[in-house]
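A.B. asks:
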Amino acid sequence: MATLKELAQVKERFVGGHRLCAGCGHGISVRMVLNALGNDEHVVVGCATGCLEVASTIYPYTAWNCSFIHNAFENAAATLSGVEAAYRSLKKQGKLKEDIKFVAFGGDGGTYDIGLQSLSGAMERGHNLVYVCLDNGAYMNTGIQRSSATPIGADTTTSPAGKVVPGKQQPRKDLAAVIAAHNIPYVAQTSISSWQDVHAKAKKAFEVDGPAFINILSPCPRGWRYNTPDVVELSKLAVETRFWPLFEVENGKWKLNKKPKKYVPIEEFLKPQGRFRHLFAPGNEHIIQRIQEEVDQRWLALLERCGEKPELPPR
Amino acid sequence: MTPFNRNFGQGRSREGISPDMNWRELTKAGNIYEPGNANTYETGDWRTIRPIWNKERCIHCLICWRYCPDASIISTDGKFDCFDYKHCKGCGICANVCPTHAIDMISEDEIDKQKEARRNEE
């Protein structure tokens, strides 16, 4: 594992001057992922429409200090597939000598919902690219609308918490498992709370021959309504409460990367966030209980997949 | 009418582009030919609180560098060098992740007041 001293000397591929909000999780995640590449490696980045794209490439400026291709909401994976296929052809004809990596960044809207079929296609065709999903749990760019990554009970503008309906009613989609079902060489779920974890997974994903998928929890201070500087604590709580387990699937083999030592109730993760504030009002306890049951159930299923004893951490 | 030129604007730098130009004068397909030119766009004036580095307490662990969303912590030879106040948006993450509390967040108003007081003294 490289140290931060070494990593800080790698060229910056996502420079300052982009128009993401102060403290945005996307900026941190993207810098961490691209930092896993060496100084002399070439990379082509594509972005699904979302906060990251509209904030980083406002004409005539670009925050990408590498090749970047602009495309629509639903086809980041399809665009990168095309670019990668063209690259392979040029290489075969001897017109290109360099090795080039391909990485697509999508938000949860452009990955879980709108871009799912193009992503599935790219994974199935086996293109040599890395798809990184920056999951902030709603369509933050257009004003916090619910997506299939939004957790139960979250207050968004299209699942508003009111007197009758307390926020979103459906549990979130488990996308990492959906992509793992494509039997691709590498799938991982990670969180910025541990930069070592993100770095190691990004490195593996870039090195793998074939498609790789990384799902990163990328907190959004505007949409989640937490205190902006607490981004790392909050991501840590997401892992500790098992809301966002860290795992990887290498060639169909599931592996758990972090097992919390003790049982941390989901309230710890919900409390700092304004989008869950209504759940702590009297009469809404049953929703917190439902979220907890959902989290525990998924945790047990994950342990079983990873070949570990399915049991909850000791209280 | 000007005939359509497939290569219009090829290689033109950001300086040559202004909002009053029509589409024929802009670069082809809205291409940008300078990677990372957002560096010349300053987001520092978004800031309401300013990070101040405390040299004595800094252990150069660079965790702040790792967690800065704006690449606004400049390191030289693997050591903390300075803040890039032209791009820092004052989110306060660096001060929060610092294990030795070597970064203080001070309100910009406070800094302005201090500056003015100093000017009045002179």
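For the record, the sequence lines run as chains S and B.
The numbering of the first sequence is the working numbering, which starts it at 172 and goes up by one.
The numbering of the second sequence is the working numbering, which starts it at 27 and goes up by one.
Here a beta-carbon is modelled for each residue, glycine too, at the ideal position from N, C-alpha and C.
Since the structure is predicted, the reported quantities are computational estimates derived from the model, not experimental observations.
In chain order, what residues of the stretch 269–281 of chain S put their CB closer than 7 Å to some CB of chain B?
C.D. replies: Listed in sequence order: no entries.
A.B. asks: Going by DSSP, what residue range makes up the alpha helix (DSSP H) through residue 346 (chain S)?
C.D. replies: Taking the first sequence and counting its residues from 1, the one referred to as residue 346 (chain S) is at position 175. 346–351 is the span of the alpha helix (DSSP H), which, as asked, contains residue 346 (chain S).
A.B. asks: Hey, quick one: how far does the beta strand (DSSP E) through residue 427 (chain S) stretch, first residue to last?
C.D. replies: Indexing the first sequence from 1 puts residue 427 (chain S) at position 256. Counting along the chain, the beta strand (DSSP E) containing residue 427 (chain S) begins and ends at 424–427.
A.B. asks: Please report the distance separating the alpha-carbon of residue 32 (chain B) from that of residue 200 (chain S).
C.D. replies: Your numbering for residue 32 (chain B) matches position 6 in the second sequence. Your numbering for residue 200 (chain S) matches position 29 in the first sequence. Confidence at residue 32 (chain B) is low in this model, with a pLDDT of 49, below 50, so the placement of that residue should be treated as unreliable; the coordinate-derived value is given next. Approximately 37 Å, taken between the alpha carbons.
A.B. asks: Taking 8 Å as the threshold, find out whether the stretch 258–278 of chain S comes into contact with the stretch 87–104 of chain B through three or more Cβ pairs.
C.D. replies: Judged by Cβ distances under 8 Å, the stretch 258–278 of chain S makes no contact with the stretch 87–104 of chain B, as fewer than three pairs qualify.
A.B. asks: Pull up the distance between the alpha-carbon of residue 250 (chain S) and that of residue 276 (chain S), whole angstroms please.
C.D. replies: The residue labelled residue 250 (chain S) in the question sits at position 79 within the first sequence. The residue labelled residue 276 (chain S) in the question sits at position 105 within the first sequence. Distance between the alpha carbons of residue 250 (chain S) and residue 276 (chain S) is about 12 Å.
A.B. asks: Under DSSP, the beta strand (DSSP E) around residue 419 (chain S) begins and ends at which residues?
C.D. replies: On the first sequence, residue 419 (chain S) is found 248 positions in, with the first residue counted as 1. Taken as a continuous stretch (DSSP letters only), the beta strand (DSSP E) holding residue 419 (chain S) covers 418–421.
A.B. asks: So, with DSSP's three-state summary, where would you put residue 143 (chain B)?
C.D. replies: Numbered from its first residue, the second sequence carries residue 143 (chain B) at position 117. Residue 143 (chain B) falls in the helix class under three-state DSSP.
A.B. asks: Beta-carbon within less than 6 Å of residue 133 (chain B)'s beta-carbon, same chain only, minus the 5 sequence neighbours each way: which residues are those?
C.D. replies: Mapped onto the second sequence, residue 133 (chain B) falls at position 107. Excluding residues within five positions, the ones whose Cβ falls inside 6 Å are 75.
A.B. asks: I'd like to know whether the C-beta of residue 292 (chain S) is nearer than 8 Å to at least one C-beta of chain B.
C.D. replies: Translated into positions along the first sequence, residue 292 (chain S) becomes position 121. Residue 292 (chain S) does not count as touching chain B.
A.B. asks: Under 8 Å between C-beta atoms, does residue 237 (chain S) make it to chain B?
C.D. replies: On the first sequence, position 66 is the one that residue 237 (chain S) refers to. Chain B contact via Cβ: present.
A.B. asks: Whole alpha helix (DSSP H) runs in the stretch 365–393 of chain S with 4 or more residues, listed along the chain?
C.D. replies: Entirely contained in the stretch 365–393 of chain S, the alpha helix (DSSP H) runs reaching 4 residues are, in chain order, 366–378.
A.B. asks: Once the 5 residues before and after residue 27 (chain B) are set aside, which same chain residues still bring their CB inside 8 Å of it?
C.D. replies: Taking the second sequence and counting its residues from 1, the one referred to as residue 27 (chain B) is at position 1. Residue confidence is low: residue 27 (chain B) scores 47 on pLDDT, short of 50, so the model does not pin down where it sits. Its coordinate-derived value is still stated next. Closer than 8 Å at Cβ, skipping near neighbours: no residue.
A.B. asks: Skipping 5 residues on each side, what residues in its chain have a beta carbon closer than 6 Å to that of residue 181 (chain S)?
C.D. replies: The residue you call residue 181 (chain S) lines up with position 10 of the first sequence. Around residue 181 (chain S): 206 and 210.
A.B. asks: Return the bridge partner residues of residue 216 (chain S) from the DSSP annotation.
C.D. replies: If you number the first sequence from 1, residue 216 (chain S) lands on position 45. DSSP, once it has assigned bridges, lists S:239 and S:274 as partnering residue 216 (chain S).
A.B. asks: State the start and end residues of the unbroken beta strand (DSSP E) segment that holds residue 172 (chain S).
C.D. replies: Position 1 of the first sequence, counted from the start, is the residue given in the question as residue 172 (chain S). Neither: residue 172 (chain S) is in no beta strand (DSSP E) and is coded neither H nor E.
A.B. asks: For the alpha helix (DSSP H) containing residue 258 (chain S), name the first residue and the last one.
C.D. replies: By one-based count along the first sequence, residue 258 (chain S) stands at place 87. Taken as a continuous stretch (DSSP letters only), the alpha helix (DSSP H) holding residue 258 (chain S) covers 247–263.
A.B. asks: Report all residues from its chain with a CB closer than 6 Å to the CB of residue 223 (chain S); omit the five preceding and five following residues, and keep chain order.
C.D. replies: Sequence index remark: in the first sequence, residue 223 (chain S) carries index 52 (1-based). Here the set comprises 197 and 276.
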